[in-house]
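A.B. asks: Please find one structure pasted underneath; my questions will follow.
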Amino acid sequence: MRDHRPILILDSGVGGLTVLREVRFKLPFERLVYVVDDAGFPYGAWGEEPLTARLIGLVGALIEAHDPKAILIACNTAFTLAGEALRDAFPARVFVGTVPAIKPAARRTRSGLISVLATPGTVRRAYTRDLIDTHARECHVRLVGSDRLAAMSEDHLRGEDVGDAALLAEIQDCFLEDGARRTDIVVLACTHYPFLVNRFREVSPWPVDWIDPAEAIARQLARVVAEVADARDREAPDTAIFTSGTCNAASRQLMAGFGLLV
449 MRDHRPILIL
459 DSGVGGLTVL
469 REVRFKLPFE
479 RLVYVVDDAG
489 FPYGAWGEEP
499 LTARLIGLVG
509 ALIEAHDPKA
519 ILIACNTAFT
529 LAGEALRDAF
539 PARVFVGTVP
549 AIKPAARRTR
559 SGLISVLATP
569 GTVRRAYTRD
579 LIDTHARECH
589 VRLVGSDRLA
599 AMSEDHLRGE
609 DVGDAALLAE
619 IQDCFLEDGA
629 RRTDIVVLAC
639 THYPFLVNRF
649 REVSPWPVDW
659 IDPAEAIARQ
669 LARVVAEVAD
679 ARDREAPDTA
689 IFTSGTCNAA
699 SRQLMAGFGL
709 LV
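All residue numbers for the sequence shown refer to our numbering, where the first residue is 449 and numbers rise by one.
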């Protein structure tokens, strides 16, 4: 018997669409509900306790409304803070989280100089520093927090102009020179940032490898969700929910471009 319950994908904005794109490739027969917590955007501006309480309350309401088979928290800031609390609050539910891709970066670097580009919330987390201690002790890892890039990504996706100088100001601290060595890998530790990666390449002082974790996240989700063998009921479309209860024309068009009905 097929399980028609959806997979929930939650982010504060549109960044999780980078993950949704990969989930569709890995799990083409699953029904997806994409939740935009625009009423709470940006998560990086929240204190730890209020954001944890908000996420537990929001996820509880979503579980009651949708009875999902799995919940993907497509936000580094949210999961590095509240992943454990969510699993404790809802022990019967399957959670898949998003964490900075420090382990693969440490394996791939040649110079030993890695930067992690994230929100200030992710930079502050003990979780992030534990990843560095566990997987990248032999590397020099620079944590770079940006207050503005998530919003700039949203503007870029909606067709608004994001200037080169403004972008460079947000990413320039990622580029470190130490003698003959240079930063060669930048971890994109916010799901919003891959939407700007081509612009990053244009303004960067030298080429680096930009690590987008979306494919690895989708692969992990596929491990914990049994894919059905035949096409799902097309009468149940993939949908998007905005927690503010409002969705302007540009956002509606963007969701439609990703195959989501608002």
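Backbone N, C-alpha and C define an ideal beta-carbon position, used for all residues, glycine too.
Measure the C-alpha to C-alpha separation of M600 and V645 and round it to an integer number of angstroms.
C.D. replies: 12 Å
A.B. asks: Exposed or buried, which one is P539 when buried takes at least 16 other CB atoms within 10 Å?
C.D. replies: exposed
A.B. asks: If contact is defined by three or more beta carbon pairs under 8 Å, each pair taking one atom from either stretch, is the segment 585-592 in contact with the segment 522-530?
C.D. replies: no
A.B. asks: In this structure, what does DSSP give as the bridge partners for W658?
C.D. replies: V634
A.B. asks: Are the CB atoms of L669 and A518 within a distance shorter than 8 Å?
C.D. replies: Contact: yes.
A.B. asks: Could you tell me which uninterrupted beta strand (DSSP E) segments, each at least 3 residues in length, are contained entirely in the segment 463-524, listed from first to last along the chain?
C.D. replies: 480-484 and 518-521
A.B. asks: Along the chain, where does the beta strand (DSSP E) containing F690 start, and where does it finish?
C.D. replies: T687 to F690
A.B. asks: Taking all protein chains shown into account, decide if A666 is buried (16 or more other Cβ within 10 angstroms of its Cβ) or exposed.
C.D. replies: Buried, by the Cβ-count rule.
A.B. asks: Specify the secondary structure class of H583 as computed by DSSP and reduced to three states.
C.D. replies: helix
A.B. asks: By DSSP, does H452 sit in helix, in strand, or in coil?
C.D. replies: coil
A.B. asks: Closest to A637 by C-alpha separation, out of T567, A614, F690 and R596, would be which residue?
C.D. replies: T567
A.B. asks: For K551, collect the residues of the same chain with a Cβ closer than 6 Å to its Cβ; drop the 5 residues on either side in sequence, then sort them by chain order.
C.D. replies: H583
A.B. asks: Can you tell me the Cα-Cα spacing of R649 and P655, whole angstroms?
C.D. replies: 7 Å
A.B. asks: Using 8 Å as the cut-off, can you tell me whether the segment 477-485 makes contact with the segment 683-701, which would need three or more C-beta pairs spanning the two stretches below that distance?
C.D. replies: yes
A.B. asks: Just list the residues that DSSP pairs A566 with in beta bridges.
C.D. replies: G593
A.B. asks: What do you reckon, are the CB atoms on F706 and L456 nearer than 8 Å?
C.D. replies: no
A.B. asks: Check the DSSP bridge columns for R629 and list the partner residues they point to.
C.D. replies: D626
A.B. asks: For A698, does the count of other Cβ atoms within 10 angstroms reach 16, so buried, or fall short, so exposed?
C.D. replies: exposed
A.B. asks: What residues are listed by DSSP as bridge partners for L709?
C.D. replies: Answer is T687.
A.B. asks: Indicate whether the contact test is met: 3 or more Cβ pairs, each with one atom in the segment 527-541 and one in the segment 615-628, closer than 8 Å.
C.D. replies: no
A.B. asks: Bridge partners of I457, per DSSP?
C.D. replies: Looking at the DSSP output, I457 sits in a beta bridge with Y482 and L520.
A.B. asks: Measuring only the C-alpha atoms, how far is P516 from G545?
C.D. replies: 15 Å
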